[in-house]
Amino acid sequence: MNGDADMTLAFDLAALQELAEPDRVFTDARQWTEYVGVVSEKPTYVVTNFTRKHRIRQDFFSGPRGREESLESVREQFDTDRHVFVGTGDDDRELAERVGWEYLPVEDAADAAGWDLAADAPEPEPTEDERDDWP
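The sequence shown begins at 6 in this note's numbering and counts up by one.
Spelled out as C-alpha cells, the structure:
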C-alpha cells in the first residue's frame, strides 16, 4: 500500500476469508490506516465468530445492517481522506461506487501489501496430536 495513514479500510468478510492470515492482515493494516473493519451480509455472529477465531480487533463491523448501509454509516462516522473497500468481484465494485468508496480487489490488496492468499498458502504441517483416522 502507499503508507497513507488517513484512510478507513473495510474488508468484505468473503475477501478476508480469502487471505491466508487475516490476523496478520489487520495488524499490518493498522500501521497505515486510521480505521479497519469488516462488513458482511452474513449475520453478526458469523463475523464475530470469524474475527474471534482469528484474534482480529476491528474498529467497526456491519452488525445487523447490510453492507451498503454499513459502509454509508462508517463513511459518516470515520472522517478520513480515503475510504477503501476490499472485496471480491463486480458486485463489491458496484457497491463501493454506489456509496462513494474506492474499490480494491482482494488479490490486488494482497499483492500490494505482501499478504498471502489462502489458495496460495502452503498446507500446515500436521502435528503429532492430529489423527489421520478421525473424521
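For glycine and all other residues, C-beta sits at the position ideal for the given N, C-alpha and C. Nothing here was measured: the structure is a model prediction, and the numbers come from that model.
Between Gly92 and Ala20, the C-beta spacing is below 7 Å. Rounded to the nearest whole angstrom, the CA to CA distance from Asp64 to Val41 is 6 Å. Of the candidates Arg57, Arg72, Lys58, the residue whose Cα lies closest to the Cα of Phe16 is Arg72. Around the beta carbon of Pro69, fewer than 16 other beta carbons sit within 10 angstroms, so the residue counts as exposed. Boundaries of the alpha helix (DSSP H) around Ala34: 27-34.
C-alpha of Gly119 to C-alpha of Asp28: approximately 14 Å in a straight line.
Arg103 and Asp125 have their C-alpha atoms spaced approximately 32 Å apart. Membership of Arg87 in the beta strand (DSSP E) is indicated by the continuous run 87-92. Under DSSP, the beta-bridge partners assigned to Phe16 are Val43, Val91. Restricting attention to Leu76, Glu46, Phe55, Glu99, the CA atom closest to the CA of Leu14 is found in Leu76. Between the alpha carbons of Glu81 and Asn54 lies a gap of roughly 26 Å. Pro110 is bridged by DSSP to Gly92.
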